[in-house]
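Below you'll find the structure, written out as C-alpha cells, and then a few comments.
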Amino acid sequence: MRQVHPDYNESSGLVVDGSIRIAADDNPVLIGTECSECEYVVFPSRPFCRNCLSDNVSDVELARTGHLETYTVAHTGQDGIEPPYAFGFVNLENVQVYSRFTEWKERSLEVGDQVELVLEKIKTDPETGEPLFGHMFRPMEEEQ
Amino acid sequence: MTENEVAVINVGQSDFGELEGQRVTEFGSRAVREALLSSSVEPDDIEEAYIGNVATTAQDQTSVIGQAILREVGVTGIPVIRVENACASSTCAFQEAYKRVQSGESDIVLAMGVEKMTGVPTEVTLKDMAGAADAEVEGAMGMTFMGLYGMRANAYMNQFGNVREELADIAVKNHDNGLKNPRAHLQLNVDRDDILESRPISDPIRLLDACPMSDGAAAAVIARGEIAEELVEEPIYVDAAEMLSGNYLEEVEFWREELDERVAQKAYSEAGIGPDDLDVVEVHDAATIGELMHYEGLGLADRGEGASLVRSGDVMLDGRTPVNPSGGLKSRGHPVGATGVAQICELVWQLRGEAGARQVENPSIGLAQNSGGALVGEGGVSTVTILSNR
Ligand SMILES: [Zn+2]
Numbered sequence: 018m019r020q021v022h023p024d025y026n027e028s029s030g031l032v033v034d035g036s037i038r039i040a041a042d043d044n045p046v047l048i049g050t051e052c053s054e055c056e057y058v059v060f061p062s063r064p065f066c067r068n069c070l071s072d073n074v075s076d077v078e079l080a081r082t083g084h085l086e087t088y089t090v091a092h093t094g095q096d097g098i099e100p101p102y103a104f105g106f107v108n109l110e111n112v113q114v115y116s117r118f119t120e121w122k123e124r125s126l127e128v129g130d131q132v133e134l135v136l137e138k139i140k141t142d143p144e145t146g147e148p149l150f151g152h153m154f155r156p157m158e159e160e161q
Numbered sequence: 010m011t012e013n014e015v016a017v018i019n020v021g022q023s024d025f026g027e028l029e030g031q032r033v034t035e036f037g038s039r040a041v042r043e044a045l046l047s048s049s050v051e052p053d054d055i056e057e058a059y060i061g062n063v064a065t066t067a068q069d070q071t072s073v074i075g076q077a078i079l080r081e082v083g084v085t086g087i088p089v090i091r092v093e094n095a096c097a098s099s100t101c102a103f104q105e106a107y108k109r110v111q112s113g114e115s116d117i118v119l120a121m122g123v124e125k126m127t128g129v130p131t132e133v134t135l136k137d138m139a140g141a142a143d144a145e146v147e148g149a150m151g152m153t154f155m156g157l158y159g160m161r162a163n164a165y166m167n168q169f170g171n172v173r174e175e176l177a178d179i180a181v182k183n184h185d186n187g188l189k190n191p192r193a194h195l196q197l198n199v200d201r202d203d204i205l206e207s208r209p210i211s212d213p214i215r216l217l218d219a220c221p222m223s224d225g226a227a228a229a230v231i232a233r234g235e236i237a238e239e240l241v242e243e244p245i246y247v248d249a250a251e252m253l254s255g256n257y258l259e260e261v262e263f264w265r266e267e268l269d270e271r272v273a274q275k276a277y278s279e280a281g282i283g284p285d286d287l288d289v290v291e292v293h294d295a296a297t298i299g300e301l302m303h304y305e306g307l308g309l310a311d312r313g314e315g316a317s318l319v320r321s322g323d324v325m326l327d328g329r330t331p332v333n334p335s336g337g338l339k340s341r342g343h344p345v346g347a348t349g350v351a352q353i354c355e356l357v358w359q360l361r362g363e364a365g366a367r368q369v370e371n372p373s374i375g376l377a378q379n380s381g382g383a384l385v386g387e388g389g390v391s392t393v394t395i396l397s398n399r
C-alpha cells in the first residue's frame with residue numbers, strides 16, 4: 018500500500034520543516050537528531066543535544082513502525098482540520114512521537130497496536146488554502 | 010534568609026461565569042476589594058502584588074493588567090508583577106508572594122488571578138489556550154487540551170480497566186457541590202446518564218466531563234504570621250507551597266500523574282504531613298479524568314485505585330476527604346489565570362467554617378493542586394499548596 022499521499026511533491030509545504038522525507042526506497046521516514054556523545058534521540062531535529070548539551074549531533078532516521086502509546090478521537094475541530102480526527106503518541110524504539118492517525122475508522126485503534134508511518138495531508142493552510150503535509154501513523158494488518 | 014511563618018489574612022472572589030458587560034478591571038477589582046474590606050488591611054499596607062493572568066495581552070486589552078485593576082482599589086506606587094504560567098498562573102503568583110513574605114522581604118503582599126474568556130472571539134480564546142502546549146508539533150498538528158485528557162483517559166483505562174462511570178460520578182459530585190456555591194459558573198442539576206449521554210468531545214471525554222470557559226477573579230492577602238495574628242481573628246497558615254515542571258527528557262507514562270507525585274512529595278515533606286492528614290482538597294479537574302488521576306498523584310489512593318474513592322464516597326462533601334467542595338473547575342468554572350487563587354479562597358473559607366451549604370465538617374488541613382499547560386503530553390507545571398488553621 019502506498020505510503021506517500023498522491024498529491025505530495027517536492028514543492029509541497031510541510032507542517033514541521035525537515036521533519037519527514039522520502040527515503041531511497043520511496044517510503045517516508047521521520048528525521049530526528051541523535052547525539053554522538055550520549056546517544057540521546059530527539060524529534061523533531063535540534064542543533065544540539067538536550068541531554069548532554071553536546072553539539073556533536075547528526076540527523077537520524079527514526080523507526081518506521083512502532084506501537085501506539087495512547088490516542089483519542091477529537092470531535093471538535095481546529096482551524097483547517099475537519100473533525101472527527103484521531104491523534105496520540107507513538108513509541109518508536111528510542112523516542113515518543115506525537116502523531117495524527119489515518120485509517121482509524123476502518124481498523125479501530127487500541128493502545129499497544131502496531132502502527133506504521135505514512136506521509137499524509139495534515140491540514141489546509143488557513144492563509145493560502147494549500148494543503149500542508151506531515152507524518153501520520155496507521156494501524157498495521159494483524160500479525161501473521 | 011529569615012524563615013518566617015506566612016498566613017493568609019483574607020481572600021476575595023468575583024462571581025465566576027459569563028460576566029457580560031463587566032470589564033476585566035471591574036470584576037478583577039471586586040475580588041481585591043472584598044479581600045481588603047473583610048480584613049483591617051488598608052490599600053497602603055500592601056507592599057507588593059503578584060497577578061496571574063494568561064490572555065489580556067493577546068486580547069489587546071492591556072499588558073499592565075495588575076496595575077489597571079489595583080488602581081481601581083487605590084493600591085498604587087508598589088512593585089506589581091504579572092505571572093503567566095498557563096492554567097496555574099495565579100497559584101504561581103501566590104507562591105511568589107509567599108516566598109517574598111517568607112524571606113522577610115515584605116510583610117504584607119497581595120496575590121491574585123484574573124481572566125476574561127467569554128465575549129471575546131472564540132478563535133482568540135482557543136489560540137490563547139493552544140499556546141499552553143508545544144506549538145511546534147502537537148499544536149500545529151491538531152492536539153487539543155481535551156484531547157490530552159482523552160489520551161490520558163484511554164491510557165489509564167487500558168492499564169487499569171474501565172472507569173467511565175466513575176468519571177461521570179465525579180462530574181455529578183462536582184456539580185452537586187457547585188449548586189451549593191452561589192459564585193459557581195455552571196449551576197447544573199445532572200445525573201450519571203446526563204454525563205454519559207452528552208456529546209463526545211475527545212474520546213472518551215464528553216462535553217459534561219469538561220470544564221467551561223469562564224470569566225472571574227480571585228485575590229488573597231498574605232502576611233508574616235505575627236502580623237496576620239494582629240490583623241485577623243483566624244489567620245490561615247501556609248504550610249507548603251511547591252511547584253515543578255515535567256521530566257520532558259523521559260518517556261511519558263500517560264496512565265500516571267508522575268509530575269503530581271513529585272510535587273506532592275515535596276509539599277508533604279515541607280508541611281510535615283501526609284495525604285491521610287488532609288481534611289479538604291481542591292484539585293485541577295479541567296476534565297473528570299484529571300481529578301481521578303490527581304487522587305493518585307497526591308497519594309489519596311494508590312495507582313489504579315482512584316475510582317475506589319468515588320465508589321466509597323470518600324471524596325464526597327460528607328466523605329473522609331472531600332474533593333472540590335467548591336464545585337471545582339467543572340462547576341465553579343475555569344477562568345484560567347484565576348483558578349489557582351480561587352482554590353486558595355475555597356480552602357480559606359472551608360478552614361474558617363465560612364463555606365455555607367458546602368461546608369465540610371470541621372477541617373483543619375487543606376490542600377490545593379493546580380496544573381498548567383503541557384509539553385509532549387506531560388504537564389507544564391503542577392503546584393501543591395497546603396493550608397491549615399493550626
Ligand atoms: Zn547528548
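Residue numbers (the numbering used here), protein chains in the order written: chain A, 18 to 161; chain B, 10 to 399.
Where is the CB? At the ideal position from N, CA and C, for every residue including glycine.
Where residue i meets chain B, residues with beta-carbon distance less than 9 Å
i: K140 (chain A); result: A149, M150 and G151
i: R67 (chain A); result: Y257 and L258
i: V132 (chain A); result: Here the premise fails: no neighbours, minimum Cβ distance about 15 Å.
Within 8 Å, strictly: CB atoms of residue i and residue j
i: G337 (chain B); j: E291 (chain B); result: yes
i: G234 (chain B); j: L384 (chain B); result: no
i: I405 (chain B); j: V129 (chain B); result: Chain B is shown from 10 up to 399; residue 405 (chain B) falls before or after that span and cannot be answered.
i: V33 (chain B); j: T65 (chain B); result: yes
i: L45 (chain B); j: V247 (chain B); result: no
i: R164 (chain A); j: V135 (chain A); result: As shown, chain A starts at 18 and ends at 161. That puts residue 164 (chain A) outside it, with no answer to give.
i: V404 (chain B); j: I245 (chain B); result: Outside the displayed span of chain B (10 to 399) sits residue 404 (chain B), for which this structure offers no information.
i: Y158 (chain B); j: A295 (chain B); result: yes
i: N111 (chain A); j: H84 (chain A); result: no
i: Q20 (chain A); j: P61 (chain A); result: no
i: E51 (chain B); j: I179 (chain B); result: no
i: D212 (chain B); j: T89 (chain A); result: yes
i: K182 (chain B); j: R367 (chain B); result: no
i: A249 (chain B); j: V393 (chain B); result: yes
i: S340 (chain B); j: N186 (chain B); result: yes
i: I298 (chain B); j: L176 (chain B); result: yes
i: R81 (chain A); j: E133 (chain A); result: yes
i: L119 (chain B); j: I214 (chain B); result: no
i: L117 (chain B); j: V41 (chain B); result: Sequence inspection shows Ile at residue 117 (chain B); the Leu mentioned does not correspond to that position. No, the pair does not count as a contact, with Cβ atoms beyond the cut-off.
i: T100 (chain B); j: N379 (chain B); result: yes
i: I78 (chain B); j: S38 (chain B); result: yes
i: E54 (chain A); j: S71 (chain A); result: yes
i: S112 (chain B); j: E57 (chain B); result: no
i: F106 (chain A); j: M160 (chain B); result: yes
i: F36 (chain B); j: D224 (chain B); result: yes
i: V272 (chain B); j: L253 (chain B); result: yes
Contact list for residue i against chain A, beta-carbon separation under 7 Å
i: T209 (chain B); result: At residue 209 (chain B) the sequence reads Pro, which differs from the Thr that was named. Ordered by position in chain A, the residues that pass the 7 Å Cβ test against P209 (chain B) are H92.
Within chain A, partners of residue i - CB distance below 8 Å
i: F263 (chain B); result: E86, T87 and F106
i: D269 (chain B); result: Those within 8 Å of D269 (chain B) in chain A number zero; the least Cβ separation is about 18 Å.
i: G315 (chain B); result: Result: empty, since nearest Cβ-Cβ is about 17 Å, beyond 8 Å.
i: G156 (chain B); result: T89, A91 and F104
Residue i Cβ short of 7 Å to ligand 2 heavy atom set
i: S125 (chain A); result: Only ligand 1 can be found as ligands here, which leaves ligand 2 out of the picture.
Amino acids of chain B, ordered along the chain, whose beta-carbon sits closer than 8 Å to that of residue i
i: R117 (chain A); result: M150 and G151
i: P61 (chain A); result: E145 and V146
i: Q113 (chain A); result: E260, V261, V385 and G386
Within chain B, the residues that residue i reaches when beta carbons sit closer than 7 Å
i: V128 (chain A); result: N163, A164 and N167
The segment 90-111 of chain A: positions lying closer than 8 Å to chain B by Cβ:
V90, A91, H92, T93, Q95, D96, I98, Y102, F104, G105, F106 and N108
Could you give the uninterrupted runs of the beta strand (DSSP E) lying entirely in the segment 33-57 of chain A, keeping only those of 3 residues or more?
37-39 and 45-52
Can you give, in chain order, each stretch of the beta strand (DSSP E) that sits fully within the segment 24-92 of chain B and has at least 3 residues?
57-61 and 89-92
Quick check for students: name the residue ranges of the alpha helix (DSSP H) that lie wholly in the segment 216-242 of chain B, counting only runs of 4 or more.
234-240
Chain B contacts made by the segment 148-159 of chain A, where a contact means CB separation under 8 Å:
G151
Using a Cβ-Cβ cut-off of less than 8 Å, list which residues of the segment 30-44 of chain A approach chain B; keep chain order.
V32, V33 and S36
Only counting runs of 4 or more residues, tell me where the alpha helix (DSSP H) segments fall wholly within the segment 228-312 of chain B, in order along the chain.
234-240, 267-280 and 297-306
Residues in the segment 158-170 of chain B having any Cβ partner in chain A nearer than 7 Å:
G159, M160, N163, A164 and N167
With distances taken from each beta carbon to the nearest heavy atom of ligand 1, which residues come in below 6 Å, in chain order?
A:C52, A:E54, A:C55, A:Y57, A:C66, A:N68, A:C69 and A:S71
For the segment 211-243 of chain B, which residues have a CB atom closer than 7 Å to at least one CB atom of chain A, in sequence order?
S211 and D212
Segments of 3+ residues assigned as beta strand (DSSP E) that fall wholly inside the segment 61-122 of chain A
74-78, 82-91, 102-109 and 112-118
Short-range partners of chain A found in the segment 297-312 of chain B, where Cβ spacing is below 7 Å
none
Going along the chain, which unbroken runs of the alpha helix (DSSP H) with 4 or more residues stay wholly within the segment 120-166 of chain B?
131-139
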